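What follows is a set of notes on a single structure, which appears directly below.
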Amino acid sequence: MSSLSRPPVPAGARFAGPVLDRRTALGLGAAAAGAVLLGGCSSTPAPDPAPSAWAPPSAPLTFPAGYTWGAATSAFQVEGSTTADGRGPSVWDTFCATPGKIRSGATGDPGADVYRRWADDIRLMTELGIGSYRFSVSWPRVQPTGSGDVNQVGLDWYRRFVDGLVDAGIRPAITLFHWDLPQALQDAGGWAVRDTAQRFADYAGIMVDALGDTGADWFTINEPKTHAYVGHWYGAHAPGLKNPQTAVTAVHHQLLAHGLAVQRFRDAGADGRIGIALNLLPVYPLEGAEEAATRVDAAENRLFLDPVLTGSYPDDAIGILAGQVPAEPSRFEALIEDGDMETISTPSDLLAIQYYGVTGVATTGAQVTIHPTSAASWQQIWPEGLYDLLTRLRDEYPAIPLLLTENGIPDESAALTTDDPYRTEYLRTHFQQAARAVADGVPLEAHYVWSFLDNFEWGEGYEQRWGIVGVDFDTQERTPKDSFRFYQQVIADNAVPPAS
869 MSSLSRPPVP
879 AGARFAGPVL
889 DRRTALGLGA
899 AAAGAVLLGG
909 CSSTPAPDPA
919 PSAWAPPSAP
929 LTFPAGYTWG
939 AATSAFQVEG
949 STTADGRGPS
959 VWDTFCATPG
969 KIRSGATGDP
979 GADVYRRWAD
989 DIRLMTELGI
999 GSYRFSVSWP
1009 RVQPTGSGDV
1019 NQVGLDWYRR
1029 FVDGLVDAGI
1039 RPAITLFHWD
1049 LPQALQDAGG
1059 WAVRDTAQRF
1069 ADYAGIMVDA
1079 LGDTGADWFT
1089 INEPKTHAYV
1099 GHWYGAHAPG
1109 LKNPQTAVTA
1119 VHHQLLAHGL
1129 AVQRFRDAGA
1139 DGRIGIALNL
1149 LPVYPLEGAE
1159 EAATRVDAAE
1169 NRLFLDPVLT
1179 GSYPDDAIGI
1189 LAGQVPAEPS
1199 RFEALIEDGD
1209 METISTPSDL
1219 LAIQYYGVTG
1229 VATTGAQVTI
1239 HPTSAASWQQ
1249 IWPEGLYDLL
1259 TRLRDEYPAI
1269 PLLLTENGIP
1279 DESAALTTDD
1289 PYRTEYLRTH
1299 FQQAARAVAD
1309 GVPLEAHYVW
1319 SFLDNFEWGE
1329 GYEQRWGIVG
1339 VDFDTQERTP
1349 KDSFRFYQQV
1359 IADNAVPPAS
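So for the sequence shown, the working numbering puts the first residue at 869; every next one is plus one.
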C-alpha cells in the first residue's frame, strides 16, 4: 500500500453517463500509489451520477466453503530493524534519508517492529482467524547487495516466520518484491537495466529453494505499475526519478523479472502456486471522454494484464495522446528481445489483484473525482467498482484463479484509535461486492485486508494508519480495532452481514 497526494480536483465532481464497456472500464491502479496523473487534474464539472442498479441485500451473503480470508503487509512497512543482522540498504532507506521526501522525516525504523515481535503477531492472526497472511521478503535482508552471497541470518529469520505461520494453521502468501530494491542494484542502474531482471530471478531461486516446501502462494512483483510510475516518473517514491521513458523501461524489466521468477519456481518443483500482484481500478469516463479513458485503461491496466496473460503489449498505452504515458513507443519496443514476451507470459497459477477505489476521466485524459474520497485523497470509494473489475477479468482474459490481495482504507486521522466505523463499512460493502462477483461466476478465491497492522505508509510516514490492528509506534503495543472484531465475525461466519 502506498499514498501519494495529488493536486486538488473540483469538489463534488461526479460520474455522469454510462460506465465504459468492460474492455475499457478499468483504469487507474492507484491502489498502492495514489493517483497517477496521466493527464493532470481537470476542473471539468460533471453532473450527478447515474443510479446504481444493484440493491444492497437485507440478508447475509455467504461465501463458498474454502474461501480464504487473509490480511497483508509488506517488509519495509512493518519489519523495522533496517540495519540488523546484516541487512543491506534498499532504495527506500536511501529515499527516506533524503530531506523532504517523507512526512516528518520518518524512516522504516521502527516500522511495526515485526522483525522482533513476529511471534506475538502470529498469535493475533490466530485470534483473528485468518487462513492466510500475505507478507513480503526484504530482498536486501536476504541478499544485501542484490547479488552474490546470501545473508543466512536473514534467510533463517524468514524460515522461522513461515514455520510459525504454518504451525498456526495460516497459509503463507509470500511476495518476493514490494519495492525495496537493494541500493547496490540501483547504483548499477536498477530497473532501467535489463540485468536487474536476471538478478531478481537469481534471488527468486534462493527464496524458492529455501521456502518452496511450505505450500505457500507466491507473488513475484507487487504492483509493478506503482514502482515504475510513482518511483521512476513522478519521483514521489523511491528511487525518486522523474523520467517517463525510464518508467516504461522499468515496466518491461519488472515484467521480465516476473516471468523469469515463474520459470525458476517451475524448475525448482516448488510446492505451491505463483503469480503477479497488479493494482487495478475501474475508470469511468465523463461525457465524451471514452477515447481518453480507453488510453488511460491501456496505460494503467492493459500494459500489465495483457503481456502477463496474453503475451503482448497493447499498442495504445505509450505516446503523446491524452491518457498515454508520454514516452517514445519505438524506444519501448526496442527493449523487447526475442523470447521476452514468451517469458513474461509463462503460465501463472493465479492472478493477484488489489483494489481500493475508482477514478473518472475527462476528455483531456485528466482524472477527476467522481465519488467520495477517504483520508487518502487519491482514494475514491465505490464498492461496485470492485464488481466491475472482477467481472471484466472474468469476461476478457483467460480463466485464472483470482486473489484479492489488498483492500482497505486509512483511519480518518493520524491519532491512534480503535473506533473505526468507516473501515468496517468499507470492508462490509466491499465484501458484499466480492460475494456478488463470486455468485456471478468470478473465480475469486481469497480476500486479504490491507493492512493487518498500522505501519510506515511510504511518503506519509507514520501519519496515515491503515491497520485493523492499531500500533503505538512509541511502545509498539498492539490493540485490535473495531474493524478487527467485525472481520473476525465475518471470517467465523464465512459471510458478510447486511447493513445494521
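Don't be surprised by glycine CBs; every beta carbon is placed ideally from N, CA and C. None of these values were measured; they are calculated from a predicted model.
For residue i, the nearest candidate out of the options (CA to CA)
| i | options | result |
| --- | --- | --- |
| Ala1157 | Ala980, Gly1228 and Phe1133 | Gly1228 |
| Ala1303 | Asp1340, Thr1292 and Tyr1255 | Tyr1255 |
| Tyr1142 | Leu1149, Glu1205, Ala1072 and His1100 | Position check: residue 1142 holds Ile in this sequence, whereas Tyr was assumed. Nearest option by C-alpha distance: Ala1072. |
| Leu1369 | Ser1242, Gln1235, Trp1318 and Met1209 | Past the boundaries of the shown model lies residue 1369; the chain is included only from 869 to 1368, so the question cannot be answered. |
| Ala1244 | Ser1281, Thr1232, Val1236 and Glu1264 | Ser1281 |
| Ile1038 | Trp1059, Gly1080 and Thr994 | Thr994 |
| Thr1297 | Ala952, Val1151 and Pro1251 | Pro1251 |
| Phe931 | Ile1359, Ser1368 and Ala1367 | Ile1359 |
| Tyr1224 | Arg1170, Leu1148, Pro1153 and Phe1200 | Leu1148 |
| Leu849 | Ala1060, Gln1301 and Ala1056 | No information on residue 849 is available, as it lies outside the stretch 869 to 1368 that the chain covers here. |
| Glu1201 | Phe1172, Tyr1001, Ala987 and Val1116 | Val1116 |
| Val959 | Met1075, Gly1099 and Gln1020 | Gly1099 |
| Ala1190 | Gly1179, Ala1234 and Arg1199 | Ala1234 |
| Pro1182 | Val1236, His1120, Val1151 and Thr1231 | His1120 |
Beta-carbon spacing of residue i, residue j below 8 Å
| i | j | result |
| --- | --- | --- |
| Leu1218 | Leu1271 | yes |
| Ala940 | Tyr1290 | no |
| Pro1278 | Trp1326 | no |
| Pro1311 | Ala1363 | no |
| Asp961 | Gly973 | no |
| Gly1207 | Pro1197 | no |
| Ala943 | Phe1029 | no |
| Ala1084 | Ile1042 | yes |
| Gly954 | Gly999 | no |
| Ala1166 | Asp1184 | yes |
| Gly1032 | Ala980 | no |
| Leu1146 | Ile1221 | yes |
| Val1193 | Pro1112 | yes |
| Leu929 | Arg1346 | no |
Three-state secondary structure assigned by DSSP to residue i
| i | result |
| --- | --- |
| Arg1002 | strand |
| Ala903 | At Ala903, the pLDDT of 37 sits below 50, so the modelled position is not reliable and the matter cannot be decided from this model. |
| Ala1307 | helix |
| Pro1182 | coil |
| Glu1155 | coil |
| Arg1027 | helix |
| Leu896 | Because the pLDDT at Leu896 is just 30, under 50, the model does not fix this residue reliably, and the value given afterwards should be weighed accordingly. DSSP places Leu896 in coil when its eight states are reduced to three. |
| Ser911 | Its pLDDT being 35, under 50, Ser911 is placed unreliably by the model, and the measurement read from it follows with that caveat. Coil at Ser911, not helix or strand. |
| Phe1087 | strand |
| Ser1198 | helix |
| Pro925 | coil |
| Glu1293 | helix |
| Ser958 | strand |
| Gln1247 | coil |
| Val1010 | helix |
| Glu1274 | strand |
| Arg1333 | coil |
| Ala1367 | coil |
| Val1164 | helix |
| Val1034 | helix |
| Gly979 | coil |
| Leu1173 | helix |
| Gly1228 | strand |
| Val1236 | strand |
| Leu1203 | coil |
| Ile970 | coil |
Minimum Cβ-Cβ distance from residue i to chain D less than 8 Å
| i | result |
| --- | --- |
| Thr951 | Protein chains in the displayed structure number just one, and chain D is not present. |
Beta strand (DSSP E) segment containing residue i, residue limits
| i | result |
| --- | --- |
| Pro1040 | Arg1039 to Phe1045 |
| Arg1062 | That residue, Arg1062, is in no beta strand (DSSP E); it is neither H nor E in DSSP. |
| Gly1143 | Arg1141 to Asn1147 |
| Trp1318 | Leu1312 to Trp1318 |
| Thr1214 | Per DSSP, Thr1214 belongs to no beta strand (DSSP E) and is neither H nor E. |
| Gly1127 | From DSSP, Gly1127 is part of no beta strand (DSSP E) but of the alpha helix (DSSP H) over Pro1112 to Ala1136. |
| Val1098 | Note, Val1098: premise wrong, no beta strand (DSSP E); alpha helix (DSSP H) at Pro1092 to His1100. |
| Gly1338 | Val1337 to Val1339 |
Range of the contiguous alpha helix (DSSP H) that encloses residue i
| i | result |
| --- | --- |
| Ile990 | Val982 to Leu996 |
| Ala939 | Careful: Ala939 lies outside any alpha helix (DSSP H), inside the beta strand (DSSP E) at Thr936 to Ala940. |
| Phe1352 | Asp1350 to Asp1361 |
| Leu1053 | Gln1051 to Asp1055 |
| Val1193 | Where Val1193 is concerned, there is no enclosing alpha helix (DSSP H), given that its DSSP letter is neither H nor E. |
| Glu1264 | Glu1252 to Glu1264 |
| Val946 | Ala943 to Val946 |
Pairing CB atoms from the segment 1076-1089 with CB atoms from the segment 1160-1167, are three or more of them under 8 Å?
In short, these stretches do not touch, since the Cβ pair count stays below three.
Determine contact between the segment 1108-1117 and the segment 1037-1053, defined as no fewer than three beta-carbon pairs at a distance below 8 Å.
The segment 1108-1117 is not in contact with the segment 1037-1053.
Across the segment 1077-1087 and the segment 1130-1150, are there enough close Cβ pairs to call them in contact, namely three or more that are closer than 8 Å?
Contact between the segment 1077-1087 and the segment 1130-1150 is present, because at least three Cβ pairs lie under 8 Å.
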